[in-house]
DNA sequence: CACGATTGAGTTGTGCACAATTCAATGGGG
DNA sequence: CCCCATTGAATTGTGCACAACTCAATCGTG
């Protein structure tokens, strides 16, 4: 909401080149950090036979005892069916989940974790510890980072929404 | 929505479950932020006919007047030839760059920006401004974020390197 | 000089992300 | 009640990311 447009007309305005440079470095850093995270998760999850996005999907499913509709998983992970459908099919092929049409609404497909999927959960428990250790951030920094990232995402999403449909 | 687990200031003890939750939210946030960034760039770059990674590659090429070897671009972006080769081929097909074998080292391929590529640079100038605006972060926050991300990436990379080859 | 190791691009195969489309099930308004 | 807009999944097509591999050019050492 608070968008400081230009409080100081002749402020120590970082000139264009400076702004652009900073921007580039942030998108670079974010890109690099996301991929570095992916690499560490790749190593940590190799033994479990999961990819990072598959792991995220399993986390969502493990969170609740009841089967969850594909729609709900997509909203949680901010992914659409084009990404989730094949991913869930691979999880089903691995025997970790089953997908079945909902009885109440035949359009909906609910995903249930199998016994094998629950067993995998046990083996996945030590994973986050490894990641936290690898990140090397203090709790304080982690909180700061998470807060900034969430604010950033919120802003970016709002900006994009305003850009597209709009009313 | 997401109900913060324990807002009690009295029991901030980060037991395992707490740590794991935090970790998950950070990887979630990072993932989400990276994709939100991608979405905003997608909009901003649509008119230029560039994808976000293609834009990053062009930024590297625009930075220096001389043609740059594929190797150097890959080191700058932390991408390997498996990703860069097809990407650069698409940029070449779009007429923005040309790739030619280096005279000194026949193994190396250098990438040169064409006149059309230089013209595109002019049209790309306003893009970063839009991104900075969309991010809605103050300069202060942007610096903090960049610092945390770089430290995070460094730690993750180091951890992964120690994990893998190592003798 | 010769030969084996290394280097730099490229190719292949798998999986993620997203736009656009398809299709059946559902639900609301005339 | 019927038609039609909406919804939820899935499919198709493009592009990125990475591992594993191929192949030619280069380098180093005997």
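Protein chains in written order, with the numbering used here: chain Z, 6 to 172; chain X, 6 to 172. Built from N, CA and C at the ideal position, the CB exists for glycine as well.
Residue span of the alpha helix (DSSP H) that contains residue i, given as start and end
| i | result |
| --- | --- |
| residue 174/Z | What is shown of chain Z runs 6 to 172, which leaves residue 174/Z out entirely. |
| residue 56/Z | Looking at the DSSP string, residue 56/Z is not in any alpha helix (DSSP H), and its letter there is neither H nor E. |
| residue 97/Z | 86-98 |
| residue 140/Z | 132-140 |
| residue 80/Z | 75-82 |
Euclidean distance between Cα positions of residue i and residue j
| i | j | result |
| --- | --- | --- |
| residue 170/Z | residue 164/Z | Confidence at residue 170/Z is low in this model, with a pLDDT of 40, below 50, so its placement is unreliable and the value that follows should be read with caution. So the alpha carbons of these two residues sit roughly 11 Å apart. |
| residue 156/X | residue 111/X | 37 Å |
| residue 153/Z | residue 159/Z | 10 Å |
| residue 42/X | residue 32/Z | 8 Å |
| residue 140/X | residue 166/Z | 13 Å |
| residue 76/Z | residue 114/Z | 8 Å |
| residue 5/X | residue 53/X | Given a span of 6 to 172 for chain X in the structure shown, any question on residue 5/X remains unanswerable. |
| residue 99/X | residue 151/Z | 39 Å |
| residue 136/Z | residue 120/X | 46 Å |
| residue 70/Z | residue 37/Z | 35 Å |
| residue 134/X | residue 24/X | 37 Å |
| residue 118/Z | residue 67/Z | 8 Å |
| residue 85/Z | residue 58/Z | 13 Å |
| residue 109/Z | residue 143/Z | 47 Å |
| residue 138/Z | residue 145/X | 27 Å |
Chain X within 7 Å of residue i, Cβ atoms only
| i | result |
| --- | --- |
| residue 136/Z | yes |
| residue 45/Z | yes |
| residue 28/Z | yes |
| residue 56/Z | no |
| residue 165/Z | yes |
| residue 133/Z | yes |
| residue 23/Z | no |
| residue 34/Z | yes |
| residue 85/Z | no |
| residue 78/Z | no |
| residue 62/Z | no |
| residue 66/Z | no |
| residue 147/Z | yes |
| residue 41/Z | yes |
Cutoff 7 Å; reference residue i; Cβ partners in own chain excluding five residues on either side
| i | result |
| --- | --- |
| residue 87/X | none |
| residue 72/Z | 115, 116, 117 |
| residue 172/Z | The predicted model places residue 172/Z with a pLDDT of 35, which falls under 50 and marks its position as unreliable; any figure quoted below should be read in that light. Nothing meets the Cβ criterion. |
Whole-angstrom C-beta distance between residue j and residue i, which should lie under 8 Å
| i | j | result |
| --- | --- | --- |
| residue 81/X | residue 93/X | About 13 Å; that fails the 8 Å criterion. |
| residue 161/Z | residue 132/X | Contact doesn't hold; Cβ gap of about 14 Å is too wide. |
| residue 96/Z | residue 39/X | No, residue 96/Z and residue 39/X are not in contact; Cβ-Cβ is about 23 Å, not under 8 Å. |
| residue 27/X | residue 147/Z | 6 Å |
| residue 1/X | residue 149/Z | Outside the displayed span of chain X (6 to 172) sits residue 1/X, for which this structure offers no information. |
Min CB distance residue i to chain Z below 7 Å
| i | result |
| --- | --- |
| residue 73/X | no |
| residue 139/X | yes |
| residue 155/X | yes |
| residue 88/X | no |
| residue 179/X | This structure gives no information on residue 179/X, because the portion of chain X shown stretches from 6 to 172. |
| residue 113/X | no |
| residue 150/X | yes |
| residue 93/X | no |
| residue 99/X | no |
| residue 162/X | yes |
| residue 121/X | no |
| residue 38/X | yes |
For residue i, the first and last residue of its enclosing beta strand (DSSP E)
| i | result |
| --- | --- |
| residue 106/X | 102-106 |
Beta-carbon proximity list for residue i, same chain, < 6 Å, skipping 5 on both sides
| i | result |
| --- | --- |
| residue 122/Z | 101, 102 |
| residue 16/Z | Residue placement at residue 16/Z is poorly supported in this model, since its pLDDT is 49, which falls under 50; the coordinates are not used for a value here. |
| residue 65/X | 78, 81 |
| residue 83/X | none |
Cβ-based neighbour list, residue i, same chain, cut-off 8 Å, excluding 5 preceding and 5 following
| i | result |
| --- | --- |
| residue 30/X | none |
| residue 62/X | 78, 82, 89, 92, 93, 96 |
| residue 60/Z | 46, 50, 53, 129, 132 |
| residue 107/X | 74, 113, 114, 115 |
| residue 48/Z | none |
| residue 12/Z | Interpretation of residue 12/Z is limited by its pLDDT of 46, a score under 50 that renders its predicted location unreliable; the figure taken from the coordinates is listed afterwards. So no residue of the chain qualifies. |
| residue 14/X | In this prediction, residue 14/X has a pLDDT of 49, which is less than 50 and means its spatial position is unreliable; nothing more can be read from the coordinates. |
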